[in-house]
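Enquirer:
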Amino acid sequence: MISVENAYSFHWAATVGPADFRNLRIFEEPAGSQPGCGMEIYRFLHPGNHSQNATTSYHRRADTNQHFGNSGTIEWMSDVDGRVYFATDGPIPFSDLRLKAKSSSKSRRFTFGGQQYKWKPERNNDMICVDLTGKRIASWSATRTRLSVPTSIDNAIFIDRLVVTCLLNLWFRKLDKF
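Counting in the UniProt record's numbering, the final residue of the sequence shown is number 178, and the numbers go up one at a time with none missing.
(1) Taking the alpha-carbon positions, what's the R161 to L45 distance?
(2) For A87, which three-state DSSP category applies?
(3) What residue from E5, N6 and F10 has the CA that sits closest to R146's CA?
(4) Does the separation of the CB atoms of P30 and N65 fall below 7 Å?
(5) Within the chosen definition, does the segment 132 to 140 reach the segment 105 to 123 through at least 3 CB pairs nearer than 8 Å?
(6) Beta-carbon within less than 6 Å of E75's beta-carbon, same chain only, minus the 5 sequence neighbours each way: which residues are those?
(7) Going by DSSP, what residues sit across from E29 in a beta bridge?
(8) Got a sec? Which residues, its chain only, sit under 8 Å from C37 by beta carbon, not counting five neighbours each side?
(9) Excluding five sequence neighbours on each side, which residues of the same chain lie with their C-beta closer than 6 Å to the C-beta of R109?
(10) Report buried or exposed for M77, applying the criterion of at least 16 other Cβ atoms within 10 angstroms of its Cβ.
(11) Return the residue from the list V4, I159, T151 and A142 that minimises the CA-CA distance to G72.
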């Protein structure tokens, strides 16, 4: 059986730097569409002052009116500490969105809807998100800067969680602190 997926293509600002990485736009490329033909679905906005103690806001395009609404914020206490406010809950410390099962673990767990999921590093800086039964939930392609999610996952709140936890794990990887 072929899995049909929506792709979320991450686009960062052209300049390079820590604050710039937290400024990005994400385009949804629905299943069956050509790459690059997507519609902007998320905006992550971070102040350009390179402050460690700043807040990144993220906004999602509403299906009903196509306007962007605030979906949450990421409060940075430092480069490696902070908390996330999602539309439905928060604050959630970074540490709770990046739990280790044991100290030697390479994967990072998070909980949503009473279930645990984990991001596992793959080769070529890719990642895969699985549930605790090992079922693939999402995957990140570093070369394509794309998050792929099966179309069977259509809960916008859960997709927010996948996007934000993916971004946090990419951030920690960038800092070599995965």
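For each residue, glycine too, the CB sits at the ideal point set by N, CA and C.
Computed from a predicted structure; not experimentally measured.
Expert: From the atom records:
(1) Counting from one through the sequence shown, the residue named residue 161 turns up at place 161. Counting from one through the sequence shown, the residue named residue 45 turns up at place 45. One C-alpha to the other measures close to 17 Å.
(2) Mapped onto the sequence shown, residue 87 falls at position 87. Correct three-state label for A87: coil.
(3) Mapped onto the sequence shown, residue 146 falls at position 146. Of the listed residues, the one whose Cα sits closest to R146 is F10.
(4) Stepping through the sequence shown from its first residue, residue 30 is reached at position 30. Stepping through the sequence shown from its first residue, residue 65 is reached at position 65. Cβ atoms of P30 and N65: not closer than 7 Å.
(5) yes
(6) What you label residue 75 is simply residue 75 of the sequence shown in a count that begins at 1. Excluding sequence neighbours, E75 sits near T55, G82 and R83.
(7) Working through the sequence shown from its first residue, we reach residue 29 at position 29. E29 is bridged to A7.
(8) Position 37 of the sequence shown holds residue 37. If we look at C37 and ignore the five residues flanking it on each side, its Cβ neighbours are E29.
(9) In the sequence shown, counting from the first residue as 1, residue 109 sits at position 109. Around R109: L99, Q116 and K118.
(10) Looking up residue 77 in the sequence shown gives position 77. It counts as exposed.
(11) Residue numbering aside, residue 72 sits at position 72 when the sequence shown is read from its first letter. The shortest C-alpha separation from G72 is found at I159.
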